[in-house]
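Trainee: Numbering (the working numbering), first residue to last: 9 to 135.
Cβ atoms here follow ideal geometry from the backbone N, Cα and C, with glycine treated the same way.
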Amino acid sequence: MMVSQSENDALRIGEIMIMTGGGIDLVIGALFLLNFGVFVSFGIPYFDLSAIFLGLGSILQGLVLVLLALVVLRTRGSIYLDFIRPTRAWQSLLIIGLVMLLFGGHIGAILIVLGALLQSQLYQRRE
Numbered sequence: 009m010m011v012s013q014s015e016n017d018a019l020r021i022g023e024i025m026i027m028t029g030g031g032i033d034l035v036i037g038a039l040f041l042l043n044f045g046v047f048v049s050f051g052i053p054y055f056d057l058s059a060i061f062l063g064l065g066s067i068l069q070g071l072v073l074v075l076l077a078l079v080v081l082r083t084r085g086s087i088y089l090d091f092i093r094p095t096r097a098w099q100s101l102l103i104i105g106l107v108m109l110l111f112g113g114h115i116g117a118i119l120i121v122l123g124a125l126l127q128s129q130l131y132q133r134r135e
């Protein structure tokens, strides 16, 4: 089945949104690891682990965000990790984006969710 130029462009925009969101969340995760995550909250509520784990909460939150950002970047094929297979499934990206949003991935997680939803609409239309 032929893909129109506008659908191809929309798929590329979705890919760019997902890759940008993964990079942003990688930086936000590193900031949480350094205990500077509070400064990038942007007023969006998130599940704060420091209330449960006291001093280790920010470190655990940063580790979760960094690992999920690496998973997102690997599934799109931009980095190489042995233990993750690249995939083009939008469902996994949607779930990862929502989990990142819960753990404080703010703008990057929103970009990942929007990119996954954009790709889901195009994949459903193509079938």
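At which residues does the alpha helix (DSSP H) containing Asn16 begin and terminate?
Mentor: Start at 1 with the first residue of the sequence shown, and residue 16 comes out as number 8. For Asn16, the enclosing alpha helix (DSSP H) covers residues 13 to 41.
Trainee: Could you give the DSSP three-state label for Met9: helix, strand or coil?
Mentor: Sequence index remark: in the sequence shown, residue 9 carries index 1 (1-based). Note that Met9 scores a pLDDT of 49, beneath 50, so its modelled location is shaky and nothing firm can be said.
Trainee: In this structure, does DSSP put Phe61 in helix, strand or coil?
Mentor: For this step, residue 61 is matched to residue 53 along the sequence shown. In this structure, Phe61 counts as helix in the three-state DSSP scheme.
Trainee: If we ignore side chains and look at the alpha-carbon of each, how far apart do Leu68 and Leu41 end up?
Mentor: Position 60 of the sequence shown, counted from the first residue, corresponds to residue 68. Position 33 of the sequence shown, counted from the first residue, corresponds to residue 41. Cα to Cα, the separation comes out at about 8 Å.
Trainee: In this structure, how does DSSP classify Phe111 when only helix, strand and coil are distinguished?
Mentor: To locate residue 111, count along the sequence shown from 1; it is residue 103. In this structure, Phe111 counts as coil in the three-state DSSP scheme.
Trainee: Whose C-beta lies closer than 8 Å to the C-beta of Ala59 among residues of the same chain, with five residues either side of it excluded?
Mentor: Numbered from 1 along the sequence shown, position 51 holds the residue referred to as residue 59. Excluding sequence neighbours, Ala59 sits near Gly65.
Trainee: For Ile103, which of Leu76, Phe55, Ala18 has the nearest alpha-carbon?
Mentor: Taking the sequence shown and counting its residues from 1, one reaches residue 103 at position 95. Taking only the C-alpha atoms, the option nearest Ile103 is Leu76.
Trainee: For Ala117, which three-state DSSP category applies?
Mentor: The count along the sequence shown starts at 1 and reaches residue 117 at position 109. Correct three-state label for Ala117: helix.
Trainee: Suppose you measure from the CA of Gly22 to the CA of Leu106; what does that come to, to the nearest Å?
Mentor: As a position in the sequence shown, residue 22 is number 14, starting the count at 1. As a position in the sequence shown, residue 106 is number 98, starting the count at 1. Distance between the alpha carbons of Gly22 and Leu106: 16 Å.
Trainee: As a quick exercise: from Ser100, Met108, Arg84, pick the residue whose alpha carbon is nearest that of Gly70.
Mentor: Position 62 of the sequence shown, counted from the start, is the residue given in the question as residue 70. Cα-wise, what sits closest to Gly70 is Met108.
Trainee: State the Cα-Cα distance for the pair Val74 and Asp17, rounded to the nearest angstrom.
Mentor: Residue 74 sits at position 66 when you count from the first residue of the sequence shown. Residue 17 sits at position 9 when you count from the first residue of the sequence shown. Computed Cα separation, rounded: 29 Å.
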